[in-house]
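The listed protein sequences correspond, in order, to chains A and B.
Here the first sequence stands for residues 45 to 493, where the numbers follow the numbering used here.
Here the second sequence stands for residues 45 to 493, where the numbers follow the numbering used here.
Cβ coordinates follow ideal geometry from the N, Cα and C atoms, glycine included.
There are 2 protein chains.
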Amino acid sequence: MVSSPHMRTVDLIGKKRDGGEHTRREIEHLVNGYVDGSIPDYQISAWLMAVCLSGMSAAETGSLTRAMIESGSTMDLSGLAGPLVDKHSTGGVGDKVSLILAPVAAACGLQVPMMSGRALGHTGGTLDKLESIHGYSTKMEAPEFRRIIGECGYAMTGQSEDIVPADRLLYALRDVTATVESVPLITASIMSKKFAEGAELLVFDVKTGSGAFMKSLDDSRALADSLIETGRSLGRGVVTVITRMDEPLGHMVGNYLEVEESMLCLAGEALRPGYEPPADLMEVTTRLTAWMLVAGGIVSSIAEGESRCREVIAEGAAYESFRRNVAAQGGDPDRLEAQVGGRRAPCSRVITAPRAGILTGVDAYTIGTAGVGLGVGRDRTDDDVLADVGFELARKVGSTVERGDTLCTVYGETDKATEEAVEAIATALRIDDDGPQRLPLIVEERSAL
Amino acid sequence: MVSSPHMRTVDLIGKKRDGGEHTRREIEHLVNGYVDGSIPDYQISAWLMAVCLSGMSAAETGSLTRAMIESGSTMDLSGLAGPLVDKHSTGGVGDKVSLILAPVAAACGLQVPMMSGRALGHTGGTLDKLESIHGYSTKMEAPEFRRIIGECGYAMTGQSEDIVPADRLLYALRDVTATVESVPLITASIMSKKFAEGAELLVFDVKTGSGAFMKSLDDSRALADSLIETGRSLGRGVVTVITRMDEPLGHMVGNYLEVEESMLCLAGEALRPGYEPPADLMEVTTRLTAWMLVAGGIVSSIAEGESRCREVIAEGAAYESFRRNVAAQGGDPDRLEAQVGGRRAPCSRVITAPRAGILTGVDAYTIGTAGVGLGVGRDRTDDDVLADVGFELARKVGSTVERGDTLCTVYGETDKATEEAVEAIATALRIDDDGPQRLPLIVEERSAL
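Below, the structure is given as structure tokens:
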């Protein structure tokens, strides 16, 4: 009879299958074994499915997050004035909040180390948007990252290869084994990256609705709760703001198009006389930025934070911070400004209202997936995206429209792709006689700072 | 936007994760893809875990069984007088039923193609027991298998490499991913092998209790139900008999020791004057054989079947069939007979009753695992077993014992192993003042012939 002195991976899988709670050492065994290759992927995928179906406690999720952070190096941001506050969104359509929030927060006095992701599926990616700026580079090492934050208050980069290798390995496996949709696994994936990247406090924008990863409010609440509880278990300050994502934020969906809209929101009349920023985009952006300012100790209330945001925009300080960042990361802010309103993919088609009424739906998911067809986003992580394609949504949900009013302009690289996108989003635009029933834009907020 | 014309494995895993029911084509995609290498093991293990936790319907289990059968070749038993009836046990301790049942059924006129397994964990294996007979070979091709069945009414072999390759692959993966304990997966594994091996009708001995694979009656019932329903979905006749497995069947636990006990049960007084076969072993064996005779159309009732079994034993026809089979498969029946009562491993230790009372427990699981230490069984499929070691249990549960009465003799290859086995089974033997509360030996029977 052999009695093994070692922890047996198969027993740990069985424990989770039966709904047991792992110890910290058990989770370290699994994560470290997977990263060092001593535990094969077929055991980890079975364990991931058991986690999907049996769940994890906040303590387990905290242990998983910690083990994932410790699987690689962490970003050295020493020397920057703390506390370092970052924002993370679970992903949406037309979600250019980071592009506006980072310079606004910087202009308010925060130092913002922002690490972003790429478009995947129907959701856009901040890195893809930024890279539509000619010359702009998001690839840099820690010293340059620190230097740029020091210079203009924020810097934008992607996830380094050395950071949280466990997350890259686990995510690739989850993606092909139908184990992506698990609240504790999502929580650990998000939190491990953010904390390894040097953030000390985190503000989460948990999207809810058709264009979000979590489509139901229950699921979004479960993720928000898990983020809060896991933050507590790790002793880190976390804020969650659940925001509605049933129509794209703002008017623009596309890579360069969203940069342009962000610049207009930051510069306003200075760039285009009479310009009015979209209310939904600005409400979400200022609320999230205000939470960052509260978390960072710059202001003492959300109301004060929101009013500071409006001030730095009105004064031009936020836009100035944006221009300095563009220059620091390799772009040319003057050239970029000159493109505003004119830089568009070669083919375009206008979609008009087939009847009069109230616009009750501009479905974010349908627009996001149609965007993949146009080249805004991608189905596979190694697909390329196109910079200048996308959608300009003329009207927001709730608008009264007349028959023939322009609802949306589609910009595509080819006539065929443009035509297909027009067809695809025909079902996304809904006109009724009565106004829509919707959640509020800011659904719920929880703070555990 | 890419829309795949193919079935996507990750979508099928997600469907099962969410409790969906697979179509036959979906199950074929998974099984065929795994066998041909186009689906990697990490996807199949995630799917297996989803099956463990979400279950499968009888129709799905039937489709899985069928797809597994079709993954390889099937045994050609044409030319044998049908119908071909086989018996399968879920495994127990001291379970030498096959060794007695096969010659009894043959002597009653059935042709029995018996394919057995090896010891694993605490349970014994018929092939290991048979191979303790010097010269006896269980390795043969279909023509020889058919010839021996024609000659002596039954033949004993192991699973061919060509039969159900999907089961070998899946079982190896389940073993290391904690996905063994799933009723539909167990059902498909058992049934696919038995039907691919040429059986037309199946009698299952579903063990329940500490020495069984399914320790609770609920679990055993769930497996019996699944076997019946899956048989129906495949249009095949199936009988399930749930039998108690809390103490070893009969008196002997060991490879050669169980062959000896089987010979004594078949030959009785002819081999050892005054010998009385153990009641529990004979009750289970005659009931299962009677079901085979009913399934095979030889008798019309269980009572008639049981009385036919007793007749062929009393007449010596069953023992004669056993001797012919031993000779046909390479053994020497005279030499084997001469070993009865004398062939034992070199070291022995007697365990006596520490007090007077009623023997209320001879725990099968403890004895089975102690047997692994002695060399009766194995922890890993590539470990060797020893022929002559084991346990001779002098008293059965329910016996009244005096202090100092012999309860068990342990036979080992070395003093150390023998001593360790004595220590290990000390806790298996329980003496109380009152008699034990137990299930009946034959707990439940279901027929879907």
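In whole angstroms, give me the CA-to-CA distance for threonine 333(A) and alanine 266(A). 23 Å
Cβ of methionine 159(A) within 9 Å of Cβ of lysine 237(A)? yes
Cβ-based burial, proline 484(B) [other Cβ within 10 Å; buried from 16]: exposed
Own chain, CB closer than 7 Å to isoleucine 411(A), minus 5 neighbours either side, in chain order: Val137, Pro292, Val297, Phe435, Ile469 and Ala472
Own chain partners of valine 224(A) with C-beta closer than 7 Å, once the 5 adjacent residues on each side are dropped: Arg218
Are any of the Cβ atoms in chain B nearer than 9 Å to that of threonine 92(A)? The residue asked about is misnamed: residue 92(A) is leucine in this sequence, not threonine. By this cut-off, leucine 92(A) is an interface position.
When the Cα atoms are used, what is the spatial distance from glutamine 383(B) to lysine 140(B)? 18 Å
So who's on the other strand from isoleucine 395(B), going by DSSP bridges? Cys452(B)
Residue range of the unbroken alpha helix (DSSP H) whose run includes aspartate 459(B): 459–469
Please say whether valine 129(B) and alanine 149(B) have beta carbons closer to each other than 9 Å? yes
State yes or no: is the beta carbon of threonine 462(A) nearer than 9 Å to at least one beta carbon in chain B? no
Verify whether the separation of the beta carbon atoms of leucine 124(A) and proline 147(A) is less than 9 Å. no
In terms of residues, what are the limits of the alpha helix (DSSP H) holding serine 264(B)? 261–278
By DSSP, does arginine 191(A) sit in helix, in strand, or in coil? helix
Quick check: what's the CA-CA separation for alanine 408(A) versus alanine 163(B)? 59 Å
Inter-residue spacing [alpha-carbon to alpha-carbon] between glutamine 373(A) and threonine 182(A): 7 Å
Taking 9 Å as the CB-CB cut-off, is isoleucine 57(A) touching chain B? yes
State yes or no: is the beta carbon of tyrosine 409(B) nearer than 9 Å to at least one beta carbon in chain A? no
Output needed for threonine 231(B): all residues of its chain with C-beta closer than 8 Å, excluding positions within five of it in sequence on either side, in chain order. Thr105, Thr109, Leu267, Ser270, Leu271 and Thr274
Does the contact criterion of 3 or more C-beta pairs under 8 Å hold for the region 384–404 of chain B versus the region 446–465 of chain B? yes
Rank Arg388(A), Gly81(A), Glu114(A) and Glu70(A) by C-alpha distance to the C-alpha of threonine 458(A) and give the top, closest one. Arg388(A)
Can you tell me whether DSSP reads glycine 385(B) as helix, strand or coil? coil
For glycine 434(A), which of helix, strand or coil comes out of DSSP? strand
For valine 262(A), decide whether its Cβ has a neighbour in chain B, counting only Cβ atoms nearer than 9 Å. Per the sequence presented here, residue 262(A) reads as aspartate, with valine not at that position. No - not a single Cβ of chain B is within 9 Å of the one on aspartate 262(A).
Does the region 61–73 of chain B come within contact of the region 203–223 of chain B, defined as at least 3 CB pairs closer than 8 Å? no
Kindly indicate if chain A contains any beta-carbon less than 9 Å away from that of tyrosine 86(B). yes
Residues within the region 92–116 of chain B neighbouring chain A, beta-carbon criterion of under 9 Å: Leu92, Met93, Ala94, Cys96, Leu97 and Ser98
Tell me which residues of the region 151–167 of chain B have at least one Cβ-Cβ distance to chain A shorter than 8 Å, keeping chain order. none
Note the first and the last residue of the continuous beta strand (DSSP E) segment covering valine 406(B). 401–406
List the residues that DSSP assigns as beta-bridge partners of leucine 246(A). Asp130(A) and Val282(A)
How about the region 81–96 of chain B and the region 90–97 of chain A: do they share at least three Cβ pairs that are nearer than 8 Å? yes
Can you pull the chain B neighbours of alanine 222(A), defined as C-beta to C-beta under 7 Å? Val54, Ile57, Gly58, Arg61 and Ala90
Cβ-based neighbour list, serine 48(B), same chain, cut-off 8 Å, excluding 5 preceding and 5 following: Its pLDDT being 38, under 50, serine 48(B) is placed unreliably in this model, and the coordinates cannot settle the point.
Against chain A, does aspartate 578(B) count as a neighbour if the rule is that its beta carbon must be under 9 Å from one of theirs? As displayed, chain B neither begins before 45 nor continues past 493, which places residue 578(B) out of reach and without an answer.
DSSP beta-bridge partners of lysine 508(B): Outside the shown range of chain B (45 to 493) lies residue 508(B), about which nothing can therefore be said.
Glutamate 302(A) and lysine 173(A) closer than 9 Å at C-beta: yes
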